[in-house]
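Following: one structure in structure tokens, then a few remarks.
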Amino acid sequence: MRGAEPESAEVDRLPGWVTLLRAPNPGPMTLDGTNTWILRAPGGGDATVIDPGPLDEGHLRRIAEHGSIGRILVTHGHHDHVEGAARLSELLGGTPVRAGSPAHCVGGEPLDPREPLDGNGLEIRVLDTPGHTSDSVSFLVECGDDRAMFTGDTILGRGTTVVARPDGDLGAYLRSLELLSAYPAVLMLPGHGPVRADTAERALFYLDHRRERLAQVTAAMAAGADTPAAVVDLVYPDLDPALRFAAEWSADAQLEYLRRQQDAP
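Okay, so the sequence shown: first residue is 1 according to UniProt numbering, each after it adds one.
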């Protein structure tokens, strides 16, 4: 069983420089829908969009109505975050799109963790947080005394995220969670689900959950389970059938990680 959710409350009030527009794509994997974030420093100036979301014309036009937008940033290449990026750029007259992978950039260079971004009054730092996908990044944004972490799907506001091969890698994911656990009392704004008050607390909860799952999968392997389906049967006995595919993806990543650990010198 997974432990209880951490105590840090869901946050109802956003900082004044942050606006949330939720895409109309709710579902088992997207929760209430993709969170699109619009950031604008006090005093106006160009805004920054994080994760335009799916190719939904109404959603993209609502984003475009928020005044001058100088940059579009993407946390990772899954379609529910990046599919609408090129169209949003077009609606805005060519605003550059920057992502970790060149494949998802439009008129801009790939993001580089060594390069702080100028957010027109906001300081934006790119953190390399692979694992959910190979191109996953998070954004640490400072506005005056405020700090906020935009985690994409690396950490969700509710539940836990899926790490699926071949693009996902559990070892890299655990290292990314360790990195994010170094940001206590920093507001966490995820790609799906509610805002959380403490990035570090949420990251540590995720680490505890993953380690507990790995212990369960290790026991399942000792009992003879050697396929994702067999692991799911033993480790997830009360699983909603609609989510079995995601559990098998996770089990596949867990098996690969544990076998790699066993083979390590």
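Note that CB positions come from ideal geometry on N, CA and C, so glycine has one too.
Nearest-angstrom Cα separation, counted from residue j out to residue i
i    : j    : result
C105 : A220 : 42 Å
L73  : L117 : 10 Å
E10  : A264 : 40 Å
G107 : V97  : 6 Å
P110 : S134 : 14 Å
R2   : Q254 : Confidence at R2 is low in this model, with a pLDDT of 39, below 50, so its placement is unreliable and the value that follows should be read with caution. For R2 and Q254, the distance between alpha carbons rounds to 16 Å.
G224 : L14  : 49 Å
Q262 : E256 : 10 Å
D169 : R260 : 11 Å
D80  : S138 : 16 Å
P130 : T160 : 16 Å
P42  : G67  : 14 Å
P228 : A172 : 20 Å
I63  : P166 : 33 Å
A86  : E65  : 16 Å
Residues that residue i bridges to, as DSSP identifies them
i    : result
M181 : Position check: residue 181 holds Ser in this sequence, whereas Met was assumed. Answer is none; S181 lacks a bridge partner.
F139 : V126 and F150
G27  : L31
P190 : G152
L39  : V18 and T48
Nearest residue (CA-CA) to residue i, options the options
i    : options                  : result
S176 : T30, L187 and D128       : D128
H78  : L179, S68, L180 and V163 : V163
R211 : A182, H192 and L258      : L258
E83  : T34, A47 and P42         : T34
A246 : G27, R62, R71 and D198   : G27
A197 : P42, P228, I155 and A86  : I155
M29  : G193, E115 and D208      : G193
P184 : L204, L174 and A47       : L204
Residue i - containing alpha helix (DSSP H), residue span
i    : result
G228 : Looking at the sequence itself, residue 228 is Pro, so the reference to Gly does not match. Element bounds for P228: P228 to V235.
A47  : Premise fails: A47 lies in the beta strand (DSSP E), A47 to I50, not in any alpha helix (DSSP H).
G58  : E57 to A64
L239 : Note, L239: premise wrong, no alpha helix (DSSP H); not H, not E.
L204 : T199 to A222
is_contact[residue i, chain D] using C-beta, thresh 9 Å
i    : result
L239 : This model lacks chain D altogether, as it is built from one protein chain only.
Span of the beta strand (DSSP E) around residue i
i   : result
L20 : V18 to R22
Is the region 82-95 touching the region 117-127 in the sense that three or more CB pairs, one from each, lie closer than 8 Å?
-> The region 117-127, when compared against the region 82-95, does not touch it at the 8 Å Cβ threshold.
Between the region 201-217 and the region 238-247, are three or more C-beta pairs nearer than 8 Å? no
Check: Counting pairs of beta carbons, one from the region 136-154 and one from the region 225-235, are three or more of them closer than 8 Å?
Finding: Fewer than three beta-carbon pairs drawn from the region 136-154 and the region 225-235 are found closer than 8 Å, and the two stretches are therefore not classed as touching.
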